[in-house]
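Here the structure is laid out as structure tokens; the discussion comes afterwards.
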């Protein structure tokens, strides 16, 4: 998993926030919210409302867990990982609903529109229509740069399953964008 | 679109994004209800004291073990050499024999370390046991010195 670039001077704010300083935590929020929200927005299928909820949840959990932060990694990396975990937990909770899963599996059947140039917006829309687990694997691997081993650990699936989900997600995405894989 | 272009476009999506609205007020409001145990200076001091006690315990244990090894070695020496030392320990506990003197010094040092450690951790049963054992070793050493005399 690639490290998340972060400001080197946020260490003081991290320590202060761990001691209960909310202003310091607000500065950390201002510094890192864009990256966190961006990742959660992608994982949430570009659903703004859900991404906002997940972002709030991520920062609340970060506040709670901050006293246990051991500075073994950059704060930004720790926060990013925590935020992704929040999104994946939400994904698992939603995936527990079999009706929802079946419906989402068929979402792309009617999405075979002719497509020549993958414009960003269309690409995002197509990703947003992927089934949740396939989308999570595609976002984490192809966009966020995670390895299959890390994805498998976080999503509770074998490496082979992660690879299969990625292959499926790419196929569905190409299909949605009007390309044959 | 070839594979390279495909990957490039996907990677290009990895960018920070700003939420449509400022989420901080909502987060801050939720922090009031979020249970958390923040680090405090008192907590850090307690951890430092605990760490200090552990260090003392370790040092005292090492010293006591060293003394025990010396005492056992000294005790077994006559059997190994087949003769007694013949050195008399004085009543002021300053034996002339370097082996006895060495053991006595080690025991005194161990006892001193243990007493200091117990001042910092008066409730430590382990330190009390070590001190008791060290005192017994001092008694044994005195008996050995008496017998040798």
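Chains as they are written, first to last, in the working numbering: chain A, 11 to 191; chain B, 113 to 261. Beta carbons are placed, not taken as given, at the ideal position from N, Cα and C, and that holds for glycine. As the structure is a computational prediction, the values presented were derived from the model and not from experiment.
Next item on the list: Could you pull out every residue in the same chain whose Cβ sits closer than 8 Å to the Cβ of residue 65 (chain A), ignoring the five residues on either side in sequence?
Entry: 43, 46, 47, 50, 93
Checklist line | residue 147 (chain A) - containing alpha helix (DSSP H), residue span | finding: 142 to 148
Item checked: Between the CA atoms of residue 52 (chain A) and residue 149 (chain A) - distance to the nearest angstrom -> 7 Å
Checklist line | CA-to-CA distance, residue 136 (chain B) to residue 228 (chain B), given in whole angstroms | finding: 52 Å
Note to self: Any beta carbon of chain A sitting closer than 8 Å to that of residue 137 (chain B)?
What the structure shows: Closer than 8 Å to the CB of residue 137 (chain B) there is not a single CB belonging to chain A.
Check: Using a C-beta to C-beta distance shorter than 9 Å, which residues of chain A count as neighbours of residue 275 (chain B)?
Finding: Given a span of 113 to 261 for chain B in the structure shown, any question on residue 275 (chain B) remains unanswerable.
Margin query: Please state whether the Cβ-Cβ distance between residue 54 (chain A) and residue 97 (chain A) is less than 8 Å.
Written below: yes
Checklist line | Cutoff 8 Å: residue 123 (chain A) Cβ touching any chain B Cβ | finding: The pLDDT assigned to residue 123 (chain A) is 37, lower than 50, so where the model puts this residue is not dependable, and the model offers no usable value.
Check: Using Cβ-Cβ distances below 9 Å, what residues of the stretch 113 to 124 of chain B are close to chain A?
Finding: 113, 117, 118, 119, 121, 122, 123, 124
Notebook entry, point to check: Leaving out five residues before and five after residue 76 (chain A) in sequence, what residues of the same chain have Cβ atoms less than 6 Å from its Cβ?
Noted result: The answer, listed in chain order, is 27, 28.
Check: Ends of the alpha helix (DSSP H) at residue 185 (chain A)?
Finding: 169 to 186
Note to self: Quick check: the stretch 77 to 88 of chain A against the stretch 177 to 184 of chain A, are at least 3 beta-carbon pairs closer than 8 Å?
What the structure shows: no
Notebook entry, point to check: If the cut is a Cβ gap below 9 Å, which residues of chain B does residue 177 (chain A) touch?
Noted result: The premise fails here: residue 177 (chain A) is roughly 13 Å from chain B at the closest Cβ pair, so nothing lies under 9 Å.
Item checked: Nearest neighbour of residue 175 (chain A), chosen from A:161, A:147, A:95, A:84 [CA to CA] -> For residue 175 (chain A), the nearest C-alpha among the options comes from A:147.
Next item on the list: Tell me whether residue 155 (chain A) is buried or exposed, calling it buried when 16 or more other Cβ atoms sit within 10 Å of its Cβ.
Entry: exposed
Next item on the list: Using three-state DSSP, classify residue 258 (chain B) as helix, strand or coil.
Entry: helix
Notebook entry, point to check: So residue 140 (chain B) is in the alpha helix (DSSP H); what residue range does that whole segment cover?
Noted result: 136 to 143
Margin query: Looking at chain B, is there any beta carbon in it that lies within less than 8 Å of the beta carbon of residue 81 (chain A)?
Written below: no
Note to self: Looking at the secondary structure, which residues open and close the alpha helix (DSSP H) in which residue 39 (chain A) lies?
What the structure shows: That run of the alpha helix (DSSP H) goes 32 to 53.
Notebook entry, point to check: Would you say residue 179 (chain B) and residue 140 (chain B) are within 8 Å of each other, going by their C-beta atoms?
Noted result: no
Next item on the list: Report the rounded CA-to-CA distance for residue 115 (chain B) versus residue 170 (chain A), giving the unit in angstroms.
Entry: 21 Å
Check: Should residue 87 (chain A) be flagged as near chain B, meaning a C-beta pair shorter than 8 Å?
Finding: no
Margin query: Taking the alpha carbon of residue 134 (chain B) as the reference point, which residue from A:91, A:39, A:30 has its own alpha carbon closest?
Written below: A:39
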